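Notes follow the structure.
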Amino acid sequence: MATQTPTRLAWIQHELDDLKAQGLYNTIRTINSPQGAWLVVDGRRVLNFCSNNYLGLANDPRLVAAVKAAVDQYGVGPGAVRSIAGTMAPHIELERRLAAFKGVEAALTFQSGFNANLAVIPALVGKGDAIFSDRLNHASIIDGCRLSGAKIVPYDHCSPASLRAVIQAERATGFRRGLIITDGVFSMDGDVAPLVEIQALAAAEDLLLMVDDAHGEGVLGPGGRGIVAHFDLHGQVEIEIGTLSKAFGVMGGVVAGSAVIIDWLRQRGRPFLFSSALTVPDTAACLAALAILEDSTALVDRLWANARYFQAALRQLGFDTGLSTTPITPIMLGEAPLAQQFSRALLTEGVFAMALGFPTVPKGKARIRVMISAAHSQADLDQGLAAFAKVGRDLGVIA
Ligand SMILES: *Cc1c(COP(=O)(O)O)cnc(C)c1O
């Protein structure tokens, strides 16, 4: 029986209908298999170009085995927030090992990267302070900035000149503390923040610097140690945010930096104080992922080789892959309905690649985004390229 939407909720139905009419309604698929190079989506086996499982660790047998052993020893849940009774030995071990991997004094884990941003930004700045934020920063940074109560001063995407100009302008009105925040790798375009120039400005202006390296952790830098290692800026960036849900293949967020900041977050990070810890299985899986990264650069090397091969072949076919210099591969299509049509046609060809439209990306800049993984074989990549070539010609995107 069809139910009638109550009048007081009718506006929501109108909004939803509007999204559908504009090609912006997000259809969420159900996955009936582990995350890997291939997925079972709505009952069909398809090539996976959607997940942030950069290194193929989400279903790695070594992580699965570590989880089983940890569950046998510790059970499942943390039982409480970290500051009351929820900090268990695996949490401490993971934080010690993450700090060593990153080459920083200390690290603190959170339930997610999103929560890490909600914790750290309001703990460092507040009323009377200024945050200088790249215009394309991730939603969790924007929300963390809003929660802090500090003045948010946007600067043009990846532009040190714009950053310098807005800092100068803000100096004229005056502020107490200043914090510069940038994504490391921007997830929609796959471009990398000019961190050397930003760090030089932060140092010259005596501002705190924070980089959210969610898409760089396990991807950029020697052995996947992230953007700070990539640019050789050890000790010069106060706060690095990472996620354990992308290249690490699990779940969780991390703040890496100086011991004094980590100590402060244990006292003042609200998602740390008021939301329970990562589960033991998550923590054990992260430890196993870290051990794999410490042991060998093979997966990271494979990821980059796959990305270079796939992107060069797409450009050869005549596609526009935008600004990417990382394994994130946008295929620029323009209008959202074309991107959705492209994505549906790819699925018919057995390829799962999502269309992204407004508000995830600016209007008129809709795209398909392919996430390359070390888990893809050469045959997988070639099969994907053949599907892109066919759909691209069918829809008149390439000649
Ligand atoms: C994905 C992402 C996050 C959120 O990470 P989760 O661990 O999934 O919550 C935060 N910041 C950036 C830049 C991201 O890309």
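Heads up: the sequence shown begins at 7 in my numbering, then just goes up one per residue.
Glycine included, every Cβ here is placed at the ideal spot set by N, Cα and C.
Note that the structure is predicted; figures quoted are calculated from it, not measured.
Between the segment 48-61 and the segment 385-392 there are three or more C-beta pairs closer than 8 angstroms, enough to call the two in contact. A contact between stretches requires three or more CB pairs, one per stretch, nearer than 8 angstroms, and the segment 262-280 meets this requirement with the segment 116-129.
Within the segment 114-139, the runs of alpha helix (DSSP H) at least 4 residues long that lie entirely inside it are, in chain order, 119-130. When the alpha-carbon of F107 is set against those of L201, A16, A319 and G232, the nearest one is in G232. In summary, N38 is exposed, with fewer than 16 beta-carbon neighbours lying within 10 Å of its beta-carbon over all protein chains present. Not one heavy atom of ligand 1 lies closer than 8 angstroms to the C-beta of H236.
In the structure shown, E246 adopts extended strand secondary structure according to DSSP, grouped into three states. Cβ atoms of C164 and A199 come within 8 angstroms of each other, at about 6 angstroms. Residue environment for R375: buried (at least 16 other C-beta atoms within 10 angstroms of its C-beta). Runs of beta strand (DSSP E) with 3 or more residues, each lying fully within the segment 60-122, are found at 112-116, listed in chain order.
Around S282, the same chain offers G83, P84, G85, A86, V87, R88, G92 and Q117 as residues with beta carbons nearer than 8 angstroms, after the five sequence neighbours per side are excluded. Inclusion of I147 in the 8 angstroms shell around ligand 1 follows from its C-beta lying nearer than that to a non-hydrogen atom of the ligand. Boundaries of the beta strand (DSSP E) around A361: M360 to L362.
Of all alpha-carbon atoms in G390, V191, F316 and K74, the one lying nearest the alpha-carbon of A351 is that of G390. By the Cβ-count criterion, G230 is buried, with 16 or more other Cβ atoms from all chains shown falling within 10 Å of its own Cβ. DSSP places K157 in the uninterrupted beta strand (DSSP E) bounded by K157 to Y161.
Apart from sequence neighbours up to five positions away, the residues of its chain that approach H144 with a beta-carbon distance below 8 angstroms are N123, D189, S193, D218 and A220, ordered along the chain.
Taken through DSSP and simplified to helix, strand or coil, N32 comes out as coil. Counting C-beta pairs with one atom in each stretch, the segment 93-113 and the segment 312-332 have fewer than three that are closer than 8 angstroms, which means they do not touch. At least one heavy atom of ligand 1 sits closer than 8 angstroms to the Cβ of S193.
By the Cβ rule, the segment 287-305 counts as touching the segment 252-272, because three or more pairs are nearer than 8 angstroms. Listed in chain order, the non-local C-beta contacts of D197 below 7 angstroms within the same chain comprise C164, L329, S330 and T331, local neighbours out to five positions each way being set aside.
Around the beta-carbon of H382, 16 or more other beta-carbon atoms lie within 10 Å, marking it buried.
As the crow flies, the alpha-carbon of D307 is around 31 angstroms from that of A345. For the segment 300-365, the continuous beta strand (DSSP E) assignments of 3+ residues that do not extend past its boundaries occur at 334-340 and 360-362, in sequence order.
The Cβ-Cβ distance between Q242 and A209 falls below 9 angstroms.
In this structure, G263 has its beta carbon at no less than 8 angstroms from each heavy atom of ligand 1. Separation of the CB atoms of E300 and A253 is rounded to 14 angstroms, and the pair is thereby denied contact status at 8 angstroms. Relative to ligand 1, the beta carbon of T303 is positioned no closer than 8 angstroms to any heavy atom.
Put simply, of E355, A76 and A361 the residue whose alpha carbon is nearest the alpha carbon of M338 is A361.
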